[in-house]
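J.: Quick note, the sequences are listed as chains A, B and C, same order. Adding 1144 to a residue's 1-based position in the first sequence gives its number in our numbering. Adding 75 to a residue's 1-based position in the second sequence gives its number in our numbering. Adding 7 to a residue's 1-based position in the third sequence gives its number in our numbering. Positions of the beta carbon are idealized from the N, C-alpha and C atoms, including for glycine. Next up is a structure, given as structure tokens.
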Amino acid sequence: MADRAKFIAGVTAGLGRTEVLSPTSITETAGFEDAATAKANAVKASIDALERSKDLADQMAEEAAKAGWKVHRASNSEDAVNYVARICIEKKATSVLRSNHDAIDQIGVEAAITNAGATLETTEHHGENSQAQIEKSKSKAFSADIGITGVDYAIAETGTVVLHPRSGLSRLVSLAPPTHIAVLRPGEVLDSLDELFAMERNDFMSGELAGSMNLISGPSKTADIEGTTVTGIHGPLEVHLVILADE
Amino acid sequence: MKPLTVNFRSKAALTLADAQIQQSIEHVYTGFFKGRLTAAGETPDWENLRTKGKAIKDHTIANLDYYLGLLTDNVEKNGGSVFFADDAEEARQHILDLAHKLKIKTVIKSKSMVSEEMGLAEAMTDEGFETVETDLGEYIIQLANETPYHLIAPAVHKSRADVARLLDDDYKDGDRVPDATELTMMAREKLRGVFERADMSVTGVNFAVAESGSIALVTNEGNGRMSTTVPRVHVAVMGMEKIVPSIQDLSTMLRILIRSATGQRISTYVTMVNGKRKPDEEEGPEEFHLVIMNNGRQKLLEDPQLRESLNCIRCGACLNACPVYRKVGGHAYGWVYPGPIGAIVTPVLTGLKDADNLPSASSLCGACHDACPVKINIPRMLLELRYRTAEGSTDKVERTSSAKERGIWKAWRMGMMGRKRFDIGSRIASIALKPLSRNGWLKKAPPPLSGWTSTRDFPVIAASSLKSRLKKRSGDLK
Amino acid sequence: MLENTTVIQRPDRVTLFASCMVDQLAPNVGENTVEVLEYLGVSVDFLNDQTCCGQPAFNSGFRSEAHPVAERFIDLFEKVKGPIVVPSGSCAAMVRNYYGDLFRNDKELAGRAKRVGDRLFELTEFLSHFFGTDAIAGKSDGYATYHKCCHLLREIGVDEQPIEMLVNIEGLEFSPLERADVCCGFGGAFSVKMPDISSAILDEKLDFIEANGSSTVVAADTGCVYQMQGGLRRRGSDVQVVHIAQVLAESIRNRSTSEPKR
Chain A
1145 MADRAKFIAG
1155 VTAGLGRTEV
1165 LSPTSITETA
1175 GFEDAATAKA
1185 NAVKASIDAL
1195 ERSKDLADQM
1205 AEEAAKAGWK
1215 VHRASNSEDA
1225 VNYVARICIE
1235 KKATSVLRSN
1245 HDAIDQIGVE
1255 AAITNAGATL
1265 ETTEHHGENS
1275 QAQIEKSKSK
1285 AFSADIGITG
1295 VDYAIAETGT
1305 VVLHPRSGLS
1315 RLVSLAPPTH
1325 IAVLRPGEVL
1335 DSLDELFAME
1345 RNDFMSGELA
1355 GSMNLISGPS
1365 KTADIEGTTV
1375 TGIHGPLEVH
1385 LVILADE
Chain B
76 MKPLTVNFRS
86 KAALTLADAQ
96 IQQSIEHVYT
106 GFFKGRLTAA
116 GETPDWENLR
126 TKGKAIKDHT
136 IANLDYYLGL
146 LTDNVEKNGG
156 SVFFADDAEE
166 ARQHILDLAH
176 KLKIKTVIKS
186 KSMVSEEMGL
196 AEAMTDEGFE
206 TVETDLGEYI
216 IQLANETPYH
226 LIAPAVHKSR
236 ADVARLLDDD
246 YKDGDRVPDA
256 TELTMMAREK
266 LRGVFERADM
276 SVTGVNFAVA
286 ESGSIALVTN
296 EGNGRMSTTV
306 PRVHVAVMGM
316 EKIVPSIQDL
326 STMLRILIRS
336 ATGQRISTYV
346 TMVNGKRKPD
356 EEEGPEEFHL
366 VIMNNGRQKL
376 LEDPQLRESL
386 NCIRCGACLN
396 ACPVYRKVGG
406 HAYGWVYPGP
416 IGAIVTPVLT
426 GLKDADNLPS
436 ASSLCGACHD
446 ACPVKINIPR
456 MLLELRYRTA
466 EGSTDKVERT
476 SSAKERGIWK
486 AWRMGMMGRK
496 RFDIGSRIAS
506 IALKPLSRNG
516 WLKKAPPPLS
526 GWTSTRDFPV
536 IAASSLKSRL
546 KKRSGDLK
Chain C
8 MLENTTVIQR
18 PDRVTLFASC
28 MVDQLAPNVG
38 ENTVEVLEYL
48 GVSVDFLNDQ
58 TCCGQPAFNS
68 GFRSEAHPVA
78 ERFIDLFEKV
88 KGPIVVPSGS
98 CAAMVRNYYG
108 DLFRNDKELA
118 GRAKRVGDRL
128 FELTEFLSHF
138 FGTDAIAGKS
148 DGYATYHKCC
158 HLLREIGVDE
168 QPIEMLVNIE
178 GLEFSPLERA
188 DVCCGFGGAF
198 SVKMPDISSA
208 ILDEKLDFIE
218 ANGSSTVVAA
228 DTGCVYQMQG
238 GLRRRGSDVQ
248 VVHIAQVLAE
258 SIRNRSTSEP
268 KR
């Protein structure tokens, strides 16, 4: 095995040098802004998302539809709940998994889902994350019919939903069930990837970078057979984006 | 993977004669190439993004030792382990050892060209691990016992009937050929259980972020997400060049990668993982291992004429743009990396002597350079490699030109070094070829032009040169 | 993409670099080039000693053979002042974009090559830059399409200008070629060394040409002209492939007036 020192020394020699030098012109090419700048960028992105929330929600609706989301702009909470219930009935869902996003609580879906004949469960471990518990969650996710999440951010430019898995937000809830429903509130939509990575950079600089991040833009798809696009290869076959009205 | 670059010409000839494959590869132009053009056209600052992407990669490669150190520190800080492999064998052995040690049963592989360099899936299967490629294209290729045809569309040469034969146990020739959706659903069905029981994943790395120790994976299918979620062990493998310095660089790099690869503005999934599962997470791997492989990249790094090839982000745009790739297909190149970028990387990583046809198989049209999201000047490097095979310019061992070929170019030079000789040479050729011609064209010419006339008529050299025709005009000026 | 800064005035005198192919294989293209330039009031000098820029050997990897030929080119053409015009995007690319590589171990020579390259223009680049694409709006007839030769398009950066020139010819019906910017498969020695691949690429091009239906295909590099014409002849097609200088010169001849338009 090549050890680190030997491997890197080889690279240094390959670059025609004898020792590792810290890059000089780092800020010219790479986004190594200091913490204060990173913070300022993130604040700017957040303010922008709030101030332009209406426009960004409109753009999000348009781009998400292009990306393959079935977009529903709910006029109010009741409308949103009814939409979710309709999907449950349509899919003959018996098991629905949810994340602990506030947006879901805000519209209050539980009664409607139960009335539709499905059980609504969270994946939350409540602090207990033994391997046995994880295995149990996994099999629950793989057998669930629908996964419901909120969003941590959305990106208007590309119709993307961003999720940072954590306690209460399983990585699988938006992946394993054949149908995923994401509930979006105005103000959660960022302009573009630039703003998203500005937020991420700031989280990183302040020591709060999440363990992982998923950008989701439509249903799982492939074009590996004769270039024909088919949705639903490994992830959800159908994804719904419910955009709540500004209340 | 054992290089078979020496068979370029015979493999190319087979593909040229295969009408079904010719029709299948057409998709790389009508689908990917056109898609990239549209996506680039719709991106107002496209050229700036390319310039920025190139600057990021230039900077990273110029400071690769520093960033490798930074990346390693941060992966370890996140609780992962980093293994440095000098070559593919070391990398493969390490992963096998790891799988044995951790008592792994089922391995899911996400698409990774670096793992192809290692011949990893085959080796793991040989050692008794259930090893399944999960990218649909790779899965098809694995079932067919072939190697990927394209960097991002491994099974682009396969027809639906081919796929049906591999996926559908009941399918017989003559049956109705299932459509792409039916075939995809068959694969979904077969792979779902594998995902659920997998205890180890091997993925590639689209970008490794040095400052945070994160890796970014770009997929449409979701197998990348499955791989970073379900198994208890995640092994990510990368070529040592696949680094970006900062989180913010992902914004630029993802934009240019995805647009250039498929013409999408974003892939369905972009997954960023920072090592193993965090304590508050509900699932995710307990162990994260990053394997950083050299496997000959050092030679590209050391070579000022070829270093730029390490900027490659493996989008496949140069393949889609290349008129040669679109005719000879991916297998002719004989190793992991086909197409224009493969014609540079493959000879250096596997030996130029056997791969001398790869840089020659180009009309130097420059479509690859135009298409490259990080502006790699591929034609320049092809010419550089031709210099080496023609004259052994950097290493005499690499000279594969024949004495006859060298003689022809020597004679050419002598002919070009004086106008009299230039004229006399042309007149001799003109007179010699005249009797073979009709209406100013030759149907069959002697060597070295016989190659040309095997498929095309050749024009007879004019009876008088331009110089003699312009004689009444001014002569040499001072 | 015109990087030339040394020549800004509309020139009235240029030196022709014919290129070895035009000189020996297609002298009529050279004559047509002279005709077109003279029509615009540009007098043309021809250096009798010229041969080749060295590209064939350079592209084949034989740089030690290309080097003296290219150096000879520099020796010859640095003696003349003013713009140099060549009816070939490929040769222009060699001098402007690749001499730097060929002479990379000789700074002095590379500098001289750069100064010559700064004055060197491909024909359609020269015409469109200094005179505009409507300067030679002659007359013609028939149906024509245009193939974008790779080096002219990607190395020199001339894209739609020649098409504009063709469209400006009265009586010529222009119809755009599908995949006009895809290579014809010529590639110099490549076409001889790997004829099967070269011809497969050519076949696709010829299919699009035949589907286009024009009786004339216009291109701006002699190698590509012969590749396509040689392939079409082998197919038994009557479609003619011509260099753009021929089309422009003929359109001038067909014009009733001999006055330059502007």
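With 16 other CB atoms within 10 Å as the buried threshold, where does S477/B fall?
T.: So S477/B counts as exposed.
J.: Whole angstroms are fine: how far does the CA of G124/C sit from the CA of L83/C?
T.: Their Cα atoms are separated by approximately 13 Å.
J.: From G139/C to I1369/A, what does the alpha carbon distance come to, in whole angstroms?
T.: Each residue's Cα considered, the two are about 49 Å apart.
J.: Going along chain B in order, which residues have a C-beta closer than 7 Å to the C-beta of S222/C?
T.: By Cβ distance, chain B contributes nothing, its closest Cβ being about 18 Å from S222/C, past 7 Å.
J.: Apart from the five residues just before and just after A25/C, which ones in its own chain have a Cβ nearer than 6 Å to its Cβ?
T.: Excluding positions up to five away in sequence, the list reads G37.
J.: Which class does E217/C belong to by DSSP, given the choice of helix, strand or coil?
T.: E217/C: helix per DSSP, three-state reduction.
J.: With a cut-off of 8 Å on the beta carbons, I'd call I1193/A and L1200/A a contact; round off their distance for me.
T.: It is Ala, not Ile, that sits at residue 1193/A in the sequence shown. At roughly 6 Å, the Cβ-Cβ gap stays under 8 Å, so A1193/A and L1200/A are in contact.
J.: Are the segment 158-165 of chain B and the segment 363-379 of chain B touching, with three or more C-beta to C-beta distances below 8 Å?
T.: Taking 8 Å as the limit for Cβ pairs, the verdict is that the segment 363-379 of chain B does touch the segment 158-165 of chain B.
J.: Could you name the residues that DSSP lists as bridge partners for G314/B?
T.: According to DSSP, G314/B bridges with M368/B.
J.: Just how far apart, CA to CA, sit N1358/A and A396/B?
T.: Each residue's Cα considered, the two are about 31 Å apart.
J.: Look at P1322/A and L1241/A and say whether their C-beta atoms are less than 8 Å apart.
T.: Cβ distance not < 8 Å, so P1322/A and L1241/A don't count as in contact.
J.: Across which residues does DSSP place G1291/A in a beta bridge pair?
T.: Paired residues: L1241/A and H1324/A.
J.: Looking at the structure shown, is P47/C part of a helix, part of a strand, or coil, going by DSSP?
T.: The sequence shown places Leu at residue 47/C, rather than the Pro named in the question. Correct three-state label for L47/C: coil.
J.: Leaving out the 5 sequence neighbours to the left and right, which residues in its chain are closer than 8 Å to R494/B when beta-carbon positions are compared?
T.: Contacts found: K542.
J.: Going by DSSP in three states, A144/C sits in which element: helix, strand or coil?
T.: It is coil, neither helix nor strand.
J.: Suppose contacts are defined by Cβ-Cβ distances below 8 Å. Is L1334/A in contact with A1189/A by that definition?
T.: Yes, Cβ-Cβ distance for L1334/A and A1189/A is below 8 Å.
J.: Within 10 angstroms of its Cβ, does I536/B collect 16 or more other Cβ (buried), or is it exposed?
T.: Its Cβ being crowded by 16 or more others within 10 Å, I536/B is buried.
J.: Tell me the DSSP secondary structure of D52/C in three-state form.
T.: Note: D52/C maps to strand in three-state DSSP.
J.: Hey, quick one: how far does the alpha helix (DSSP H) through S1349/A stretch, first residue to last?
T.: Looking at the sequence itself, residue 1349/A is Met, so the reference to Ser does not match. Taken as a continuous stretch (DSSP letters only), the alpha helix (DSSP H) holding M1349/A covers L1337 to M1349.
J.: By the DSSP assignment, the beta strand (DSSP E) with A182/B in it spans what residues?
T.: Correcting the residue identity first, residue 182/B is Val in this sequence and not Ala. Element bounds for V182/B: T181 to K184.
J.: If you compare alpha carbons, which of D532/B, A507/B and R502/B is closest to W516/B?
T.: It is D532/B.
J.: For Y153/C, go through chain B and note every residue whose CB falls closer than 9 Å to its CB, in chain order.
T.: In chain order: nothing, as chain B lies at least about 16 Å away.
J.: Have a look at the DSSP bridge pairing and note the partners of K1210/A.
T.: Looking at the DSSP assignment, K1210/A forms no beta bridge with any residue, so it has no partner.
J.: Of the choices T135/B, E473/B, G391/B and K233/B, whose alpha-carbon is the least far from that of D429/B?
T.: Here the closest residue by C-alpha is E473/B.
J.: Comparing alpha-carbon positions, which option in E180/C, Q247/C and L134/C lies nearest V49/C?
T.: Checking every option, the nearest Cα to that of V49/C belongs to L134/C.
J.: Would you list, in chain order, the members of the segment 1290-1316 of chain A that have their beta-carbon closer than 7 Å to a beta-carbon of chain B?
T.: Cβ contacts with chain B: T1302, T1304, P1309, R1310, S1311, S1314, R1315 and L1316.
J.: Which first and last residues belong to the alpha helix (DSSP H) in which V423/B is found?
T.: From DSSP, the alpha helix (DSSP H) with V423/B extends over G414 to T425.
J.: Output the boundary residues of the beta strand (DSSP E) element that contains N1259/A.
T.: Note, N1259/A: premise wrong, no beta strand (DSSP E); alpha helix (DSSP H) at E1254 to N1259.
J.: Which residues of chain B have a Cβ atom closer than 8 Å to the Cβ of I1191/A, listed in chain order?
T.: What I1191/A touches in chain B: nothing, since even the nearest Cβ is about 19 Å away.
J.: Is the Cβ-Cβ distance between K402/B and A207/C less than 8 Å?
T.: For K402/B and A207/C, yes; Cβs fall inside 8 Å.
J.: Taking DSSP's pairing of strands, which residues face W516/B in a bridge?
T.: BP columns for W516/B point to R513/B and P534/B.
J.: Over what stretch of residues does the beta strand (DSSP E) that includes T223/C continue unbroken?
T.: Where T223/C is concerned, the enclosing beta strand (DSSP E) stretches over T223 to A226.
J.: If you reduce the DSSP assignment to three classes, tell me which class L127/C lands in.
T.: In the structure shown, L127/C sits in a strand (DSSP, three-state: E or B).
J.: When you compare the segment 320-340 of chain B with the segment 80-97 of chain B, are there three or more beta-carbon pairs, one atom per stretch, that lie closer than 8 Å?
T.: Because the criterion of three Cβ pairs below 8 Å is not met, the segment 320-340 of chain B and the segment 80-97 of chain B do not touch.
J.: Going by the CB atoms, is the gap between A228/B and T278/B shorter than 8 Å?
T.: In this structure, A228/B does not lie closer than 8 Å to T278/B by Cβ.
J.: Mind pulling the chain B residues with CB within less than 8 Å of C193/C?
T.: At residue 193/C the sequence reads Phe, which differs from the Cys that was named. The answer, in chain order, is S438.
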